[in-house]
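Numbering (my numbering), first residue to last: 27 to 132.
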C-alpha cells in the first residue's frame, strides 16, 4: 500500500470514528461479543440502523463478525492498530452498560 493509499484509508477510519453511535458501540464491545439485537435494545435504534453502523465499523476494520445460526455476533478487531491505541480512551457509558445488563437479548 502506497503512502497516499494509507493516508486515504486513515481518513476513512477517522470518519468512521467521528460518529457518537459508533463510538458507543465500540465502548459496548470492549471485552465482549454482542449481537445486533443486544445493540438495538441498548442503543434504542432500529435493527437496520444498528446493522448499518456495524457495516461501517466492519468495513473500516474495527470489528469482526461471527455468524451463529440466524444471529450475527460482533467483537472488536484487536489486530487493528488504531483500535489497540484508542481502546483505553473509550469511556464506559453508564446508561448503556445498565441497559445491557437488563437487555433480554436474542
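Where a beta carbon is used, it is the ideal one built from N, C-alpha and C, also for glycine.
Query                                                                                                           : Result
Closest to residue 121 by CA distance: which of 30, 62, 32 and 53 is it?                                        : 53
By the three-class DSSP mapping on this structure, what secondary structure does residue 132 have?              : coil
Of all the options 60, 106 and 123, which has the alpha carbon lying nearest to the alpha carbon of residue 80? : 60
So who's on the other strand from residue 89, going by DSSP bridges?                                            : 102
Are three or more beta carbon pairs between the segment 98 to 118 and the segment 28 to 35 nearer than 8 Å?     : no
Which one or two residues does DSSP pair with residue 60 in a beta bridge?                                      : 100
List the endpoints of the continuous alpha helix (DSSP H) containing residue 36.                                : 29 to 43
Using alpha carbons as the reference points, say which of 85, 47 and 51 lies closest to residue 39.             : 85
DSSP three-state call for residue 70: helix, strand or coil?                                                    : coil
Check residue 94 in the structure and name its three-state DSSP category.                                       : strand
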